[in-house]
Amino acid sequence: MSSAPDLYAARRRSNAISMGLCYAAAIFGLGALVFILFALLREGLGGLSPSVFLESTPPPGAAGGLLNAIVGSLVMTVIGVAVGTPLGILAGTYLAEYGRGSKLAFVVRFINDILLSAPSIVIGLFVYEIMVAEMGHFSGYAGAVALALIVIPVVVRTTEDMLLLVPNTLREAASALGMPRAMVISNIAYKAARAGLITGVLLAVARISGETAPLLFTSLNNQFLSTNLNAPLASLPVVIFQFALSPYKSWQELAWTGALIITLAVLALSIGARVLGSQRTAK
Amino acid sequence: MRSDSTDPISEAPGRKSLTDFAMEGSVAKEFTQRRAKALSFFRLRDHTFHAMTLGAAIIVLVILGGVILSLIIGSLPAIKAFGIGFLFTETWNPVTDRYGALAAIYGTLITSAIAMLIAVPVGLGIAIFLSELCPQPLRRPIGIAIELLAGIPSIIYGIWGLFIFAPFLQEHVQPVIIAAFGDIPILSTLFAGPPYGIGMLTAGFILAIMVLPFIASISRDVFATVPPVLKEAAFGIGCTKGEVVSKVVIPYARAGVLGGVMLALGRALGETMAVTFVIGNAHRISGSLFAPGTTISATIANEFTEAVGDLYTSALIELGLILFVITFFVLAAARYLLMRIERRAGA
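Read top to bottom, the protein sequences are chains R and V. Position 278, counted from 1, in the first sequence is what the working numbering calls 278; the numbers after and before it change by one each time, with no gaps. Position 228, counted from 1, in the second sequence is what the working numbering calls 228; the numbers after and before it change by one each time, with no gaps.
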């Protein structure tokens, strides 16, 4: 039998070990982030020059840039957000304002949460089936629709969360003044939750600007600068995918540069979203 | 409808207010008409807005229904051709037009299992660190840094895994493991073969890093719902921090942590780009974790645009359907568990 001091020492030892492991886990997580960012900077920074933003993707071996990919990504992201955001905000409004506690809202919320984490490649297959197969060719429209379908659940979720943070007393005060419900929502609730709504949109942009899987077989790729949405359209993630897996050194370097650009953009967006979001909660 | 009973405007026309009585029969007849007109305009706007939000909410349901329906329709030719045997056949041969999903399903499950084996303990460790050990001013920055891992696009993990992580494993880690376990019966098959760098283990490891933030941040949030009294009581009878966490905090937060783990699992199962880069894309089942394999999503990403022939395309869509069904149930379980926690926290 172990005596009391031994037992105590053993407990302290196991405590120290388990807490030490927790420190190690945190260091592991932070280390992974640092390693990835460091690798991106080391490999991608060298290729970052004005020509990256001024020239289109080159044939193997030649010099070139990522202009067509950046333009394509911007066009599809803007359309995706422009289509997905209003729908997402309206649906989120229903969940938070009209449907609170109703059965339909419960089902929609559940389905939305599943769509939020559903594999994006399946969204790509869906859009392929309904658009690419019907139209007979890959197109920028299909890519934009696929991105919009990914935007919707993100915006629905944040809109609902942010509207629920608006105190009910504000709504009641507005109603007491005789404001119709629609006006209470658009003039009071939306205004009070504005920072949060913008946060949601920023998060959605961050999410889709790196999406590759749903674009692979919707917008495909295009070697040339184009804004024709009815034809295949290049995008940064798809170009990175193609170039990184190619055997050509110059293409691989461009892929790293593209990866650096996307990551910096996405991190800036998500940090911006967080700053906006924390301003709200701090008040 | 709830809005009708609480909204004063929509009831107003039927009931007469004092103003209405005062105005009745007076010169202000025209005024009442204008008022009624304004009110009906408001009501119309109200109904339109309500209908619009309702319509948008229903669109969310339609999207899910559409996804399922289109996948089923798209995979009908393959279902007719191969039946249930599709799930249990390893062959994947575009030349002879014979397809089976077993290798892809196996790869998906194994890589996700590896990811979970690594990410669950590490993620819990981070959550414990953030909620119990970390100095207060550092909690937010470190928490955000971990969450940023979830924000990095998956293609970045892919390119990093292919060019940095896989060569590192190939040169420094895999030879050591192969040499160390070469003589031990089971482990020697598990870690057999030449060190390619890419393969199932590499994919699983990268998936682990990707899903880590989901487990860590959800667990941290659930830990925060543990009533302080419970922890204080445990500390009061002399428990160490480790004992408080393992005997009070984790048991209390069990369902929520499980929800976070399921959510992470759903992500790992469906993750495409990162895996496509490092899995090796070989349609075979191998006992060794160092061997290249494939997953459902990687197969679709690699082969869909090049698929010729209806049966080939259809088989790939059926793979997508299988993936969607698996992740649907995993994610539904996750949501169910997390919803229970929210309800308890709200009550």
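From the three backbone atoms N, C-alpha and C, an ideal C-beta is built for every residue, glycine too. Keep in mind it's a predicted model, so treat the numbers as computed, not measured.
- The region 225-243 of chain V and the region 69-85 of chain R do not touch, with fewer than 3 CB-CB distances between them shorter than 8 Å.
- Residues of the same chain with a CB within less than 7 Å of the CB of THR227 of chain R, apart from the 5 flanking positions on each side, are VAL71, VAL75 in chain order.
- Under DSSP, TRP160 of chain V shares a beta bridge with no residue.
- PRO227 of chain V: not part of any alpha helix (DSSP H); DSSP gives it neither H nor E.
- Taking a Cβ-Cβ threshold of 9 Å, the residues of chain R close to LEU133 of chain V are MET19, CYS22, TYR23, ALA26, in chain order.
- Under the 8 Å criterion on CB atoms, LEU54 of chain R is classed as non-interfacial with respect to chain V.
- Per DSSP, CYS22 of chain R is one residue of the alpha helix (DSSP H) stretching across 4-44.
- Minimum Cα-Cα distance from SER270 of chain R among the listed residues V:ALA255, V:LEU130, V:ILE146, V:GLY280 corresponds to V:ILE146.
- ALA255 of chain V and LEU337 of chain V do touch by the CB rule: their CB atoms are close to 5 Å apart, below 8 Å.
- If one requires a minimum length of 4 residues, the alpha helix (DSSP H) runs lying completely within the region 241-283 of chain V are 241-244, 250-270, 273-278, in chain order.
- With a cutoff of 8 Å on beta-carbon distance, PHE181 of chain V and PHE191 of chain V are scored as near each other.
- If the five residues before and after ARG12 of chain R are omitted, its C-beta is found closer than 7 Å to no C-beta atom of its own chain.
- For ASP113 of chain R, the uninterrupted alpha helix (DSSP H) run begins and ends at 103-117, by DSSP.
- Nearest to THR85 of chain R by alpha-carbon distance, out of R:ALA231, R:LYS191, R:VAL156, is R:VAL156.
- In the structure shown, ARG100 of chain R adopts coil according to DSSP, grouped into three states.
- In the DSSP secondary-structure assignment, TRP92 of chain V is bridged to V:TYR99.
- Rounded to whole angstroms, THR327 of chain V and GLY270 of chain V show a C-alpha spacing of 7 Å.
- Among the residues facing chain V, SER226 of chain R is not included, as its CB has no counterpart in that chain under 8 Å away.
- Taking one beta carbon from each stretch, the region 197-208 of chain R and the region 105-119 of chain V have fewer than 3 pairs nearer than 8 Å; the two do not touch.
- In the three-state scheme derived from DSSP, where H, G and I count as helix and E and B as strand, GLY92 of chain R is classed as helix.
- Only those residues of the region 109-136 of chain V whose C-beta falls short of 8 Å from the nearest C-beta of chain R are listed: PRO121, VAL122, GLY123, LEU124, GLY125, ILE126, ILE128, PHE129, LEU130, GLU132, LEU133, CYS134.
- The residues PRO237, ILE262, VAL266, in chain order, have a CB closer than 7 Å to that of GLY210 of chain R in the same chain once the five nearest residues on each side in sequence are set aside.
- Residue environment analysis places GLN174 of chain V among the buried positions, since at least 16 neighbouring C-beta atoms fall within 10 angstroms of its C-beta.
- By the neighbour-count criterion, in which 16 or more other beta carbons inside 10 Å mark a residue as buried, PRO137 of chain V falls on the exposed side.
- In terms of beta-carbon proximity, TRP251 of chain R stays away from the interface with chain V, with every pair separated by 8 Å or more.
- The three-state reading of DSSP puts GLY293 of chain V in strand, counting E and B together.
- When the beta-carbon positions are compared, LEU207 of chain V and ALA101 of chain V stay at least 8 Å from each other.
- A distance below 7 Å between beta-carbons, with the five flanking residues on each side excluded, links SER286 of chain V to the following residues of its chain, in chain order: GLY293.
- When secondary structure is reduced to three states using DSSP, PRO86 of chain R falls in the helix class.
- When DSSP states are grouped into helix, strand and coil, ASP183 of chain V belongs to the coil group.
- The Cβ of THR295 of chain V sits no closer than 8 Å to any Cβ of chain R.
- For the 8 Å CB-CB criterion, ALA204 of chain R and ILE156 of chain V do not form a contact.
- Residue environment: LYS241 of chain V is assigned as buried (16 or more neighbouring CB atoms within 10 Å of its CB, all protein chains considered).
- For GLU243 of chain V, the nearest beta carbon of chain R is closer than 8 Å to its own beta carbon.
- Approximately 15 Å separates the beta-carbon atoms of GLY199 of chain V and ALA104 of chain V; this is outside 8 Å, ruling out the contact.
- By the neighbour-count definition (other C-beta atoms within 10 Å, threshold 16), MET135 of chain R is an exposed residue.
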